[in-house]
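**Q** Below you will find the structure I want to go over with you.
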Amino acid sequence: MMKRSACLFLLAAMIAVPSAARAEDACEKIVMTGHPDYPAMAYRAGDRIDGAAPALVAAIAEDLGVPLVSRYLGSWSEAQEAAREGKADMIVGVYRNDEREKYLDYAEPAFAYDTVVVFVVAGKSFEFRGQEDLVGKKGAANKGESFGAEFDRFVEDQLTMVRTDGVDAALAELTDGKVDYVIAGYYPGTAEVERLGLENEIVALEPELLSAELFVAFSKTSPCRTLVSKFGEGIAEMTTDGRFQEMVRDATTEWDAATSDDE
């Protein structure tokens, strides 16, 4: 009888352990973060990250029946660190590169293509046909910003680049004459130029420097990473049926209204 009871106890324990593990691994809530200064895809709104990308993942999470909380967790560099450390389950609007692949699981496909350009002081432009024309000059870009694995390697091997705390600080380096150019996404860079009232002082060179894919990604430490394929399906659907394009228009309108209120 004692042996039978002991066996039953061990069997119950063996069943309970996997159940507890499954409960611990369940995705009960998604904590999302993103770029605090990348309108209209993502931007800080108080203690949240708003914009078209957060709207996209919120809609997918709602369809899946999983609560999603948007949180501002600091600068773009700090947001990436939060995803690396598991303080955030998801990060939106992120480029793919080798370093990020180590701690992020990317949802396929990308939800947008981001145009990256070179900003210069008006009247101090230079002949520009592509990245090779940046060699020998000094540039600036936001700290923590990646422009895709291939161009990141080019920056490291060929360019002289300083990193600043924000696009506004990079533009200040430019207007102060400390750098020759600034690399930034066209839309957030232009939005920052306009916010600072520098439309007549800073211009974007043509052609564009590159076009890179923007992704939604899950932290490899998050139990919610099991939803990566389902989010990929949602992204594919909403970026082809017109819903995401509507989100971009709405986010642009909201950003414009918010910045107008600040003036």
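Going by our numbering, the residue at position 108 of the sequence shown is 411; the numbering climbs one at a time, nothing skipped. Cβ coordinates follow ideal geometry from the N, Cα and C atoms, glycine included. Quick caveat: nothing in here was measured; it's all calculated off a predicted structure.
1. Is Gly377 helix, strand or coil by DSSP?
2. Taking the straight line between their C-alpha atoms, what separation do you get for Leu462 and Asp408?
3. Less than 8 Å between the beta carbons of Met550 and Ala386, yes or no?
4. Cutting at 6 Å between CB atoms, please list the residues of its own chain near Lys441, excluding the five before and the five after it.
5. Mark Val561 as exposed unless 16 or more other C-beta atoms lie within 10 angstroms of its C-beta, in which case mark it buried.
6. Here's a check: name, in chain order, each residue in its chain whose Cβ is nearer than 7 Å to the Cβ of Val395, leaving out the five neighbours to either side.
7. Please tell me whether Pro412 and Ile538 are closer than 8 Å, where the distance is taken between their beta carbons.
8. Assess contact between the segment 510-529 and the segment 540-550, defined as three or more Cβ pairs (one per stretch) separated by less than 8 Å. Is contact present?
9. Locate the beta strand (DSSP E) running through Ala343, then write down its first and last residues.
10. Run through DSSP, which three-state label would Ser586 get?
11. Spell out a yes or no on whether the segment 434-453 and the segment 494-506 are touching, meaning 3 or more CB-CB pairs, one atom from each, closer than 8 Å.
12. Indicate whether Val485 and Ala444 have their beta-carbon atoms separated by less than 8 Å.
13. Going by the beta-carbon positions, is the gap between Val421 and Leu499 smaller than 8 Å?
14. Compare the beta carbon distance of Ala343 and Tyr489 with 8 Å and say whether it is the shorter of the two.
15. Just the C-alpha distance for Asp401 and Tyr375, rounded to the nearest angstrom, thanks.
16. Just list the residues that DSSP pairs Arg466 with in beta bridges.
17. Need the endpoints of the beta strand (DSSP E) that Thr567 sits in, please.
18. Which of the three DSSP states, helix, strand or coil, is assigned to Val438?
19. Give the secondary structure of Ser522 by DSSP, where H, G and I count as helix, E and B as strand, and everything else as coil.
20. Who are the near neighbours of Thr556 in its chain, counting only those whose CB is closer than 8 Å to its CB and skipping five residues on each side?
21. Tell me whether Thr336 sits in a helix, a strand or coil according to DSSP, three-state version.
22. What's the call for Ser532, buried or exposed, on a 16-neighbour Cβ count within 10 Å?
23. Rounded C-beta distance between Ser380 and Pro339? I'm assuming under 8 Å.
24. Based on Cα-Cα distance, which residue from Ala348, Gly389, Glu331, Arg399 lies nearest to Gly368?
25. Look at the alpha carbon of Met393 and the alpha carbon of Glu435, and state the distance between them as a whole number of angstroms.
26. Hey, out of Ser563, Phe414, Phe431, Asp559, whose CA is closest to Thr543's CA?
27. Using the beta-carbon count (16 or more within 10 Å), is Ala324 buried or exposed?
**A** The answer reads as follows:
1. If DSSP states are grouped into helix, strand and coil, Gly377 belongs with coil.
2. Cα to Cα, the separation comes out at about 29 Å.
3. At the C-beta level, Met550 and Ala386 stay beyond 8 Å of one another.
4. Counting only Cβ-Cβ distances below 6 Å, and skipping sequence neighbours, we find Thr463, Val482, Asp483.
5. The sequence given here places Ala at residue 561; Val does not occur at that position. With fewer than 16 Cβ atoms within 10 Å of its Cβ, Ala561 is classed as exposed.
6. Excluding positions up to five away in sequence, the list reads Met335, Gly337, Ala345, Ala356, Pro357, Val360, Val519.
7. Yes, they are a contact pair.
8. No, they do not touch.
9. Counting along the chain, no beta strand (DSSP E) covers Ala343, and no H or E run does either.
10. Examination of residue 586 is not possible in this model, given that the chain is present from 304 through 566 alone.
11. No, the segment 434-453 is not in contact with the segment 494-506.
12. Contact: yes.
13. In this structure, Leu499 does not lie closer than 8 Å to Val421 by Cβ.
14. No, they are not a contact pair.
15. Looking at the two C-alpha atoms, the distance is approximately 25 Å.
16. Answer is Ala444, bridged to Arg466.
17. Residue 567 is absent from the model: the chain starts at 304 and stops at 566.
18. Shown here, Val438 sits in coil according to DSSP, grouped into three states, outside any helix or strand.
19. Residue state, collapsed to three classes: strand.
20. Counting only Cβ-Cβ distances below 8 Å, and skipping sequence neighbours, we find nothing.
21. Here Thr336 sits in strand by DSSP.
22. Classification of Ser532: exposed, given that the 10 Å Cβ count is below 16.
23. The pair is not a contact, with the Cβ atoms about 10 Å apart (cut-off 8 Å).
24. For the residues Ala348, Gly389, Glu331, Arg399, the minimum Cα distance to Gly368 belongs to Glu331.
25. Between Met393 and Glu435, the C-alpha separation is close to 35 Å.
26. The candidate whose alpha carbon is nearest that of Thr543 is Phe414.
27. Reliability of the predicted coordinates at Ala324 is poor, the pLDDT of 36 falling under 50, and the value obtained from them is presented with this limitation in mind. Exposed, by the Cβ-count rule.
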